[in-house]
Structure formats: C-alpha cells, structure tokens
Amino acid sequence: MIHPRPSVPDSHPYLRAATAGVRHHTRALTRPGPAGPPDRAHLDALHTHLTELHRLLDQLAEAARPPHPAAGRHLATAHTRLWQAASDIHAAFHLLPTAQKDSVACRPEQLPDGPPFLTICQRHLAAGHIVRRKTTPTDLRAPHTTSCVR
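Each residue of the sequence shown is one higher than the one before, starting from 6 at the first, in our numbering.
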C-alpha cells in the first residue's frame with residue numbers, strides 16, 4: 006500500500022508566480038504573427054523586474070557568504086551580471102521613441118522625460134548605489150565565465 010506524501014507548502018509562491026508571468030509573456034511574444042518592437046512601458050516593466058531580482062540576489066549573496074563563501078561568490082557574480090542586464094535595458098529604454106507623436110528618440114545628453122518615465126531612472130540610480138557599494142568598475146567589465154565546481 007502506498008501512503009500519500011504530505012504536501013510540502015510552497016515556500017516561494019511569489020517567485021513561482023513571477024516566473025510563470027515572465028514565461029507567459031515570452032510565449033505571448035513568440036506567437037505567430039508580426040511581433041512589434043518593444044515600447045518604453047514594456048522595457049520599464051522589465052527593468053522593474055530585473056532591479057527587484059537584483060535586490061533579491063544581493064540579499065541572498067550576503068546571507069550565503071558567511072556559511073558558504075563559494076556559493077556567496079557565485080551569487081555575487083550573478084548579482085553583477087543582473088546589474089549589467091538592467092543597465093542595458095535602461096539604455097535601450099532611452100533609445101526608444103516616446104509615446105508622443107512629435108517626439109524623437111531620447112538622446113543621452115537630454116534630461117529624462119519626467120513622470121512616469123523618470124521612475125526608471127530613479128530606480129536605476131537606486132540599484133546603482135548598491136552596485137557601486139559592493140562592486141568595482143573592473144568587476145563590471147569582466148568577461149562572463151561559467152564554471153561548475155562539483
């Protein structure tokens with residue numbers, strides 16, 4: 006006779022829901038038909054997601070370092086790579102045209118458009134403070150290498 010296993014409560018339901026949301030969005034973009042280019046609101050939402058993941062990885066790396074230094078280093082490396090991705094999304098955001106018909110693409114020397122698009126810059130600056138506190142410019146430019154230490 007097989008005894009049913011007690012169900013283990015999901016300890017990370019919101020992370021699983023966020024992953025499912027990203028997966029659903031990816032599938033929606035790959036459906037047949039012409040996929041339009043991303044708009045600024047799309048990149049703003051993606052940047053929000055990446056910066057929150059960035060904060061989560063920062064906390065996980067800090068918690069893992071004392072008991073498991075090697076795991077902490079790998080999480081810190083992932084933290085850096087995630088920052089690089091968020092930084093590139095932020096740059097792409099400013100290169101896309103605004104929703105206003107008479108506007109052209111942002112130029113880097115221009116000031117941000119103001120609310121609500123100013124929020125992406127504020128979010129990026131806040132995440133940048135964490136990066137500068139824990140990462141050197143050399144670390145940010147280092148090539149990505151993957152190694153498994155099993």
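Beta carbons are placed, not taken as given, at the ideal position from N, Cα and C, and that holds for glycine.
| Query | Result |
| --- | --- |
| Short CB-CB distance (under 8 Å) between Ala132 and chain C | Any reference to chain C falls outside this structure, which holds one protein chain only. |
| Backbone CA spacing between His99 and Val136 [nearest angstrom] | 21 Å |
| Straight-line gap, Pro71 to Thr35 (C-alpha atoms, nearest Å) | 42 Å |
| Option nearest Leu130 by Cα separation, candidates Ser92, Thr103, Leu48, Asp144 | Ser92 |
| Helix, strand or coil at His73 [DSSP, three-state] | coil |
| Own chain, CB closer than 8 Å to His30, minus 5 neighbours either side, in chain order | none |
| Euclidean distance between Cα positions of Pro74 and Leu61 | 18 Å |
| Range of the contiguous alpha helix (DSSP H) that encloses Pro39 | No alpha helix (DSSP H) contains Pro39, which DSSP labels as neither H nor E. |
| Arg45 and Thr103 closer than 8 Å at C-beta | yes |
| Beta-carbon contacts of Ala23 that lie in its chain and below 8 Å, excluding the five residues immediately before and after | His54 |
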